[in-house]
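All remarks here apply to the structure that follows.
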Ligand code: SF4
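In the working numbering, the protein residues as written are 89 to 457.
Have a look at this one:
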């Protein structure tokens, strides 16, 4: 299990190795073809900041070689904002007095029809963490119902057990995202004061339960701003590196959610600058050439447009982060505010203008038959 590997590294020691890395160590790591975890320290170090241009050039080259000139588009569809957890940074925190809503089958249908009309064929279903509001069986039913429209259906919901993940893959859900938020156990505990999410290990082991259940895409990430991004970046890279080797038939995907203001006004204790985030994206691409790298509409249009060519392979577009947000905009509370509010066709046009192909569909379940 990855947890056994994680336990071999102390947060404090990792931090020291990163911050004490020399320019020479960066130079030796940067041009190595196959990077080893020992190289991650130097690549993420403050000393590597001076090599950002080199990292970006290599990152861009690897991305074009492995993925071609494409940016794949997807849309999130929030089914519910009901949640039993109280994550301090989240608008859906159960203690927040917001209007709670779980979409009915008809409402999901309406939302998905709008996304289909906008051109999307890859969809990400999201809920808060409340199994009673949306059970695995209910989620499987939704996935089955919308499969006629969407070639790829992914989920970002509560961590499930192995049998429940099997229900998902049998219903045709091919992708899963579960972010650890932070790999710092102490920091994790502080921002997750109650509910099932308090269980660090249950969440950490979810990608492996999903891998065993046969998900085609497994997404992981750290919520940037919670802890030191360089140290979380090390553990995130280590996690992805481990999963890539263990689940070589699946694509490991990495997201870069950067904390934004939500209901409750949580202030990120470790803000991450645009330059830092660019550094992290470049390092991930250098370490993990075959991983999908995702950038969501949390980020500004300016940042997304500039960082797109460097390593990103998937982008969300036109996102609404509240249940019912596509058919009834601004009727319900959002999980977080989005920054890039351009329409999907506008984003597709920008992608094309930059010389890339905006891809709405790159896979079909029929390929499995
Ligand atoms: S981050 Fe997820 S689990 Fe935490 S309060 Fe928000 S919806 Fe619930």
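All residues carry an ideal CB built from backbone N, CA and C; glycine is no exception.
Could you check whether residue 163 and residue 406 sit closer than 8 Å to each other, using their CB atoms as the reference points?
yes
May I have the straight-line CA-CA distance separating residue 187 from residue 412, to the nearest angstrom?
About 12 Å.
What do you get for residue 470, buried or exposed, if any count of 16 or more other CB atoms within 10 angstroms of its CB means buried?
Residue numbering for the chain in the displayed model covers 89 to 457; residue 470 lies beyond these limits and cannot be assessed.
Considering just the uninterrupted stretch of the alpha helix (DSSP H) at residue 367, what are its terminal residues?
362-375
Between the Cα of residue 193 and those of 171, 183 and 167, spot the shortest distance and give me the residue it belongs to.
Out of 171, 183 and 167, 167 has the C-alpha closest to the C-alpha of residue 193.
Out of 347, 396, 280 and 302, which one is the CA nearest neighbour of residue 38?
Only positions 89 to 457 of the chain appear in the structure, and residue 38 is not among them; the question remains open.
Among 251, 275 and 293, nearest to residue 265 - alpha-carbon criterion:
293
Sorted by chain position, which residues of the same chain lie with C-beta nearer than 7 Å to residue 254's C-beta, five sequence neighbours on each side aside?
301
Return the chain-ordered ranges of every beta strand (DSSP E) run that is complete within the region 255-321 and spans a minimum of 3 residues.
261-265 and 305-309
Taking DSSP as the reference, what is the three-state secondary structure of residue 92?
helix
Residue 518 and residue 140 look like a contact to me (Cβ under 8 Å); what is the Cβ gap, rounded to whole Å?
Here the chain covers residues 89 to 457 and nothing more, so residue 518 does not appear.
Quick one: any contact between the region 109-123 and the region 139-157, if contact means 3 or more CB pairs under 8 Å?
yes
Rounded separation between residue 244 and residue 129 - CA only:
30 Å
Return the first residue and the last residue of the beta strand (DSSP E) that residue 164 is part of.
From DSSP, the beta strand (DSSP E) with residue 164 extends over 158-166.
Helix, strand or coil: which one does DSSP assign to residue 225?
Correct three-state label for residue 225: helix.
Anyone know if the C-beta pair for residue 217 and residue 178 falls short of 8 Å?
no
What are the boundary residues of the alpha helix (DSSP H) that residue 341 is part of?
Residue 341 -> not in any alpha helix (DSSP H); beta strand (DSSP E) instead, spanning 339-343.
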